[in-house]
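Note sheet for the following structure.
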Ligand code: ATP
């Protein structure tokens, strides 16, 4: 299947089944902003919950945080975003389109007569690159003036840095320790695209780990290993995950080392998470700009120091997209195409479909009872319309791992058929055991999220 064809199919599946809709669609949509529908919100929540469990609940040395999106504007001066969070932008004077100056589709050097616009093909119409800040601005209070400018945060990390002492003191942690946060971030990307891969509003899952200077290299390696394990634990195809090390030209000036975890999307290998050794840059800058001492007193060593930071920064939307891409497959079954979303049971939006084989002979009553019982434990879907094969197919493309059918035998011996999404295998199980069987599948080792501790 051609790569763009796969993305087109995925986008249409997402709309048809209620995973992802274009924002403000009835008004023609808003550029690269997406809404998560009933199935998508469950899938993304499951991603975030797995991350939170592995990073916060399963560990003793990481605390959670939910900092506000709006922050004091000085934060973004200290972080370097006001002066440096920019992309070089070029305009085409002919067709009025805008590009990043490093857009690989541009032929020639922007600003020069030979440069060619990748959209309209005109030559010599591309402007010289100029720097464009990616932060969204708004105003705090009733007056729209420079003094009232605040930014929508372009990353969640700064909320962690400025709260590091609050969290340290209130939780009685000791260095080394970490702070984790999941939240929205906003970037006025010049060339967003590839569905939910690069959007202007997105969610980050970030963890900042504060360590004693000199131990940062060791922690960096440890976090690299743990984060790659986590992506494997989602059930992603291992050969589609790889490391990309930042070379000297990519490395931020303050970073000591940086690696991206990349996934092989239909549009190429792309970053889904960054792991960075940031040294003491962040706390050093906030100490300087705020005038507040941010040093840590290490009682054991009787010394003060500014902790170094190892950051793990993943995108919840990009991880959700990897699950959709990785899970999507088409199979030929009895001369028909079966579309399956093979996400693993713990992440699937709906865990079980419950069907009465026919709408008579007491089957709907039994099926409804089973459905209500199971719904107390996990999301289920009741479906009594259409042939059983069609009901299976609807659940397959929603990623539902189990379908339970109540039939004539159920009324006699209290068993139902469990049909497994991936193998299409069917087995009979006692009604009272169904919930346990499904829970065991969700918690079985092969799906377990590794905590690393
Ligand atoms: P890219 O080079 O792809 O723009 P980045 O290096 O700027 O990404 P970081 O600043 O390291 O990304 O952000 C950490 C994570 O946040 C990324 O790995 C990605 O998963 C997510 N992310 C960043 N920008 C976006 C975006 N525009 N849309 C969706 N997710 C994003």
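Residue numbers (this note's numbering): 52 to 504. Glycine is no exception: its CB is placed at the ideal position from the N, C-alpha and C atoms.
Between the alpha carbons of residue 283 and residue 289, how many angstroms are there, rounded? Along the chain shown, one-based indexing puts residue 283 at 232. Along the chain shown, one-based indexing puts residue 289 at 238. Straight-line Cα distance between these residues: approximately 6 Å.
Considering only heavy atoms of the ligand ATP, does any lie closer than 7 Å to the CB of residue 323? Along the chain shown, read from residue 1 onward, the residue named residue 323 stands at position 272. Distances from the CB of residue 323 to the heavy atoms of the ligand ATP include at least one below 7 Å.
Taking DSSP's pairing of strands, which residues face residue 454 in a bridge? Residue mapping note: residue 454 aligns to position 403 of the chain shown, counting from 1. DSSP output for residue 454 lists 404, 470 as bridge partner(s).
Identify, in the order they occur along the chain, each residue of the same chain with its Cβ nearer than 6 Å to the Cβ of residue 169, setting aside the five sequence neighbours on each side. Within the chain shown, numbered from 1, the residue matching residue 169 stands at position 118. So the list reads 156, 157, once near-sequence residues are dropped.
Measuring only from the beta carbon, is residue 250 closer than 7 Å to any heavy atom that is part of the ligand ATP? As a working mapping, residue 250 is identified with position 199 in the chain shown. True, at least one ligand heavy atom lies under 7 Å from that Cβ.
Excluding the 5 residues flanking residue 166 on each side, which residues of the same chain have their C-beta closer than 6 Å to its C-beta? As a working mapping, residue 166 is identified with position 115 in the chain shown. Hits under 6 Å: 159, 160, 177.
Looking only at C-alpha atoms, which of 476, 79, 464 sits nearest to residue 483? The sequence position of residue 483 within the chain shown is 432, counting from 1. Cα-wise, what sits closest to residue 483 is 464.
From this set, 489, 448, 374, 434, which residue's C-alpha is nearest residue 410's C-alpha? As a first step, residue 410 is located in the chain shown; it is residue number 359 there, counting from the start. It is 434.
Anyone know if the C-beta pair for residue 421 and residue 467 falls short of 8 Å? Locating residue 421 in the chain shown gives position 370, counting from the first residue. Locating residue 467 in the chain shown gives position 416, counting from the first residue. Yes, the pair counts as a contact, with Cβ atoms nearer than the cut-off.
Run through DSSP, which three-state label would residue 174 get? Residue 174 sits at position 123 when you count from the first residue of the chain shown. It is a strand residue.
If you drop the 5 nearest sequence neighbours on each side, which residues of the same chain put their C-beta closer than 6 Å to that of residue 65? For this step, residue 65 is matched to residue 14 along the chain shown. The residues 71, in chain order, have a CB closer than 6 Å to that of residue 65 in the same chain once the five nearest residues on each side in sequence are set aside.
By DSSP, does residue 123 sit in helix, in strand, or in coil? By 1-based counting over the chain shown, the position of residue 123 is 72. DSSP, read as helix, strand or coil, puts residue 123 in coil.
Could you pull the start and end residues of the beta strand (DSSP E) that residue 295 belongs to? Counting from one through the chain shown, the residue named residue 295 turns up at place 244. Per DSSP, residue 295 is one residue of the beta strand (DSSP E) stretching across 292-296.
Mind reading off the beta-carbon distance from residue 120 to residue 183? Whole number of angstroms is fine, and I expect it under 8 Å. Within the chain shown, residue 120 is the residue found at index 69, counting from 1. Within the chain shown, residue 183 is the residue found at index 132, counting from 1. Contact check for residue 120 and residue 183: beta-carbon distance about 21 Å, past the 8 Å limit, so the pair fails to qualify.
CA-to-CA distance, residue 67 to residue 405, given in whole angstroms: For this step, residue 405 is matched to residue 354 along the chain shown. For this step, residue 67 is matched to residue 16 along the chain shown. The straight-line gap from Cα to Cα measures roughly 21 Å.
Residue 395 - DSSP class collapsed to helix/strand/coil: Walking along the chain shown from the start, residue 395 turns up at place 344. Note: residue 395 maps to coil in three-state DSSP.
Output needed for residue 60: all residues of its chain with C-beta closer than 6 Å, excluding positions within five of it in sequence on either side, in chain order. Numbered from 1 along the chain shown, position 9 holds the residue referred to as residue 60. Counting only Cβ-Cβ distances below 6 Å, and skipping sequence neighbours, we find nothing.
Using the three-state DSSP reduction, which class does residue 207 fall into: helix, strand or coil? Your numbering for residue 207 matches position 156 in the chain shown. Coil, per DSSP.
For residue 278, which of 384, 418, 102 has the nearest alpha-carbon? One-based indexing of the chain shown puts residue 278 at position 227. Of the listed residues, the one whose Cα sits closest to residue 278 is 102.
Can you have a look at residue 152 and say buried or exposed, based on whether 16 or more other CB atoms are within 10 angstroms of its CB? In the chain shown, counting from the first residue as 1, residue 152 sits at position 101. The residue in question, residue 152, is buried, as its Cβ has 16 or more Cβ neighbours within 10 Å.
Quick one: which unbroken alpha helix (DSSP H) runs of 4-plus residues sit fully inside the segment 291-366? Chain order, please. Secondary structure within the segment 291-366: the alpha helix (DSSP H) runs of 4 or more consecutive residues, fully enclosed, are 332-341 (chain order).
Taking its Cβ as the centre, do 16 or more other Cβ atoms sit within 10 Å of residue 55, making it buried, or is it exposed? Working through the chain shown from its first residue, we reach residue 55 at position 4. Answer is exposed; the Cβ neighbour count stays below 16.
Buried/exposed call for residue 304, threshold 16 Cβ in 10 Å: The residue you call residue 304 lines up with position 253 of the chain shown. In summary, residue 304 is exposed, with fewer than 16 beta-carbon neighbours lying within 10 Å of its beta-carbon over all protein chains present.
What's the C-alpha gap between residue 452 and residue 247? Here residue 452 corresponds to residue number 401 of the chain shown, with the count starting at 1. Here residue 247 corresponds to residue number 196 of the chain shown, with the count starting at 1. If I take the Cα positions, the gap works out to 24 Å.
What do you get for residue 504, buried or exposed, if any count of 16 or more other CB atoms within 10 angstroms of its CB means buried? For the purposes of this step, residue 504 is taken as the residue at position 453 of the chain shown. Model confidence at residue 504 stands at a pLDDT of 32, short of 50, so the residue's coordinates are unreliable; what they give is reported in the following sentence. With a threshold of 16 other beta carbon atoms within 10 Å, residue 504 falls short and is exposed.
7 Å CB neighbourhood of residue 189 in its chain, flanking five on each side removed: As a first step, residue 189 is located in the chain shown; it is residue number 138 there, counting from the start. Take residue 189, set aside five residues on each side of it, and the residues of its chain with a beta-carbon closer than 7 Å to its own are 201, 203, in chain order.
Kindly examine the ligand ATP and report whether one of its heavy atoms sits closer than 7 Å to the Cβ of residue 206. Counted from its first residue, the chain shown places residue 206 at position 155. Of the heavy atoms belonging to the ligand ATP, at least one sits nearer than 7 Å to the Cβ of residue 206.
Out of 475, 216, 193, 473, state which residue places its alpha-carbon closest to the alpha-carbon of residue 338. Counting from 1 along the chain shown, the entry for residue 338 is found at position 287. When each option's Cα is compared against that of residue 338, the closest is 216.
In or out: residue 377 buried (at least 16 other Cβ within 10 Å) or exposed? Residue 377 sits at position 326 when you count from the first residue of the chain shown. In summary, residue 377 is buried, with 16 or more beta-carbon neighbours lying within 10 Å of its beta-carbon over all protein chains present.
Please tell me whether, using a cut-off of 7 Å, the distance from the CB of residue 298 to the nearest non-hydrogen atom of the ligand ATP is below it. Stepping through the chain shown from its first residue, residue 298 is reached at position 247. Residue 298 has its Cβ no nearer than 7 Å to any heavy atom of the ligand ATP.
In chain order, what residues of the same chain have a beta carbon less than 8 Å from the beta carbon of residue 243, not counting five sequence neighbours either side? Sequence index remark: in the chain shown, residue 243 carries index 192 (1-based). Cβ contact annotation for residue 243 (same chain, cutoff 8 Å, sequence separation greater than five): 82, 83, 249, 250, 251, in chain order.
Is the beta carbon of residue 255 within less than 7 Å of some heavy atom of the ligand ATP? Within the chain shown, the letter at position 204 stands for residue 255. For residue 255, the distance from the CB to the nearest heavy atom of the ligand ATP is below 7 Å.
Spatial distance of residue 500 from residue 192 (CA atoms): In the chain shown, counting from the first residue as 1, residue 500 sits at position 449. In the chain shown, counting from the first residue as 1, residue 192 sits at position 141. Low confidence applies to residue 500: its pLDDT is 40, below 50, so where it sits in the model is not reliable, and the reading given next is rough at best. Going by the C-alpha atoms only, they are around 44 Å apart.
Would you mind working out which of 392, 124, 388 sits nearest residue 374, comparing C-alpha positions? Here residue 374 refers to the residue found at position 323 of the chain shown. Among 392, 124, 388, the Cα nearest to that of residue 374 belongs to 392.
Start and end residues, beta strand (DSSP E) containing residue 140: Here residue 140 refers to the residue found at position 89 of the chain shown. Annotation: the continuous beta strand (DSSP E) that includes residue 140 extends over 137-142.
With respect to the beta strand (DSSP E) encompassing residue 106, which residues constitute its N-terminal and C-terminal limits? Position 55 of the chain shown holds residue 106. Secondary structure note for residue 106: it is in no beta strand (DSSP E), with a DSSP letter that is neither H nor E.
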